[in-house]
Amino acid sequence: MPKKRILIVDDEESIQTVVQFGIQMMVDWEVLVASSGMQGIKTACDQKPDAILLDVMMLIWMGLLPLKLFKPIRKLLKFL
102 MPKKRILIVD DEESIQTVVQ FGIQMMVDWE VLVASSGMQG IKTACDQKPD
152 AILLDVMMLI WMGLLPLKLF KPIRKLLKFL
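With our numbering as the guide, the letters of the sequence shown map in order to residues 102 to 181.
In structure tokens form, the structure reads like this:
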């Protein structure tokens, strides 16, 4: 059975590192990381993660804008 994947979308490297470490310690999931909303959308489309953890307080591309842009591709992603 393939590993589940989670995409972390956050513009702060320290948060990415702590969350990635925590997830890897608790569950055996592959962790994908994106540093911006645009990169998150591209990664989600390319990699089709099982879950997305999205920072809604990002300075560039406030977190809710990428969430709105994820909606048109939700059938592709199968979880929004």
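Cβ coordinates follow ideal geometry from the N, Cα and C atoms, glycine included.
Between the alpha carbons of L154 and D147 lies a distance of about 16 Å. Taking 9 Å as the cut-off, the beta carbon of P150 is found closer than this to the beta carbon of I107. V134 and I109 have their alpha carbons spaced roughly 5 Å apart. Distance from the CA atom of G138 to the CA atom of E113, rounded to whole angstroms, is 12 Å. In summary, A152 is exposed, with fewer than 16 beta-carbon neighbours lying within 10 Å of its beta-carbon over all protein chains present.
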